[in-house]
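Residue numbers (the numbering used here), protein chains in the order written: chain A, 90 to 201; chain B, 2 to 116.
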């Protein structure tokens, strides 16, 4: 049973376009929602994170939108660049837990 | 200076063998983890340690035994390797007791191939 569902599995976008990745979660005890970026042959690295008391967080070209009532959150990559080509993982964790629960990942390819 | 380092990066071994993966972090973090990434890129927690104590064992077979000699090290020993153990194993660390609600730093991964 996958507690965090992520879509799409893959995404192709033109340079300058917007990449949108969606995640949905089941467990209402989750209270921390990070996004990780992984390049081939490397470990995941934190990109941006949000807590459920805010509906949006922006860092540069990356924005998380959070909808607590729908139990959904999404990552928007504005002005996508070829260097953004990577696999993106949403994740969730809770105060009582000691782990990140990851979504299935989205492979993003930005075409020049 | 690498924050979370794992060795080896690649490991190819035969079924039935025993192997170990080492992990060290120089960030001063209290919490360390092992995650498994399968061939479909799915990342799943295996173990979580806080100050050398096992916090999470996520229904991992007994053939997998983590060991934390000190706060900065978390090693993974695997007995009687099976084909299904082939995956990339990531070590990670984060600060604080509720480490999962802060940034986790991942190592570069160990690609284990069992033949």
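Cβ atoms here follow ideal geometry from the backbone N, Cα and C, with glycine treated the same way.
Using the DSSP secondary-structure output, state which residues sit across from residue i in a beta bridge.
i                      : result
residue 112 of chain B : B:11, B:89
residue 167 of chain A : According to DSSP, which records beta bridges pairwise, residue 167 of chain A is partnered with nothing at all.
residue 95 of chain A  : A:112
residue 3 of chain B   : Note: residue 3 of chain B sits in no beta bridge, so no partner.
residue 33 of chain B  : B:50, B:94
residue 154 of chain A : A:145, A:163
residue 66 of chain B  : B:78
residue 199 of chain A : A:102
residue 58 of chain B  : B:48
residue 182 of chain A : A:121
Quick one: which chain A residues come within Cβ less than 8 angstroms of residue i?
i                     : result
residue 46 of chain B : 188, 189, 190
residue 91 of chain B : 132, 133
residue 56 of chain B : 187
residue 32 of chain B : 187
residue 73 of chain B : Near residue 73 of chain B there are no residues of chain A at all, since even the closest Cβ is about 17 angstroms away, more than 8 angstroms.
residue 4 of chain B  : Within 8 angstroms Cβ-Cβ: nothing; residue 4 of chain B doesn't reach chain A, min ~10 angstroms.
Find the residues of chain A that neighbour residue i, judging by a C-beta separation of less than 7 angstroms, and give them in chain order.
i                     : result
residue 29 of chain B : Chain A residues near residue 29 of chain B: none, gap ~17 angstroms exceeds 7 angstroms.
residue 88 of chain B : Within 7 angstroms Cβ-Cβ: nothing; residue 88 of chain B doesn't reach chain A, min ~14 angstroms.
On the criterion of 16 or more Cβ atoms from any shown chain inside 10 Å, does residue i qualify as buried, or is it exposed?
i                      : result
residue 49 of chain B  : buried
residue 187 of chain A : buried
residue 29 of chain B  : exposed
residue 81 of chain B  : exposed
residue 102 of chain B : buried
residue 173 of chain A : buried
residue 116 of chain B : exposed
residue 86 of chain B  : buried
residue 46 of chain B  : buried
residue 11 of chain B  : exposed
residue 51 of chain B  : buried
residue 55 of chain B  : exposed
residue 108 of chain B : buried
residue 103 of chain A : exposed
residue 95 of chain A  : buried
residue 16 of chain B  : exposed
With DSSP collapsed to three states, give me the class of residue i.
i                      : result
residue 120 of chain A : coil
residue 71 of chain B  : strand
residue 189 of chain A : coil
residue 102 of chain B : helix
residue 84 of chain B  : helix
Name the chain B residues whose beta carbon is nearer than 7 angstroms to that of residue i?
i                      : result
residue 149 of chain A : Chain B residues near residue 149 of chain A: none, gap ~17 angstroms exceeds 7 angstroms.
residue 114 of chain A : By Cβ distance, chain B contributes nothing, its closest Cβ being about 14 angstroms from residue 114 of chain A, past 7 angstroms.
residue 193 of chain A : 43
In angstroms, rounded to a whole number, what distance separates the CA positions of residue i and residue j?
i                      : j                      : result
residue 180 of chain A : residue 124 of chain A : 6 angstroms
residue 37 of chain B  : residue 7 of chain B   : 14 angstroms
residue 42 of chain B  : residue 142 of chain A : 30 angstroms
residue 76 of chain B  : residue 27 of chain B  : 15 angstroms
residue 92 of chain A  : residue 13 of chain B  : 32 angstroms
residue 140 of chain A : residue 114 of chain B : 38 angstroms
residue 153 of chain A : residue 23 of chain B  : 35 angstroms
residue 90 of chain B  : residue 147 of chain A : 31 angstroms
residue 71 of chain B  : residue 157 of chain A : 39 angstroms
residue 99 of chain A  : residue 195 of chain A : 5 angstroms
residue 4 of chain B   : residue 183 of chain A : 25 angstroms
residue 35 of chain B  : residue 92 of chain B  : 5 angstroms
List, in order along the chain, the chain B residues whose C-beta lies closer than 9 angstroms to that of residue i?
i                      : result
residue 178 of chain A : 42, 44
If the cut is a Cβ gap below 9 angstroms, which residues of chain A does residue i touch?
i                      : result
residue 65 of chain B  : Going along chain A, no residue has its Cβ under 9 angstroms from residue 65 of chain B, so there is no contact; the nearest lies around 16 angstroms.
residue 109 of chain B : 130, 131, 132
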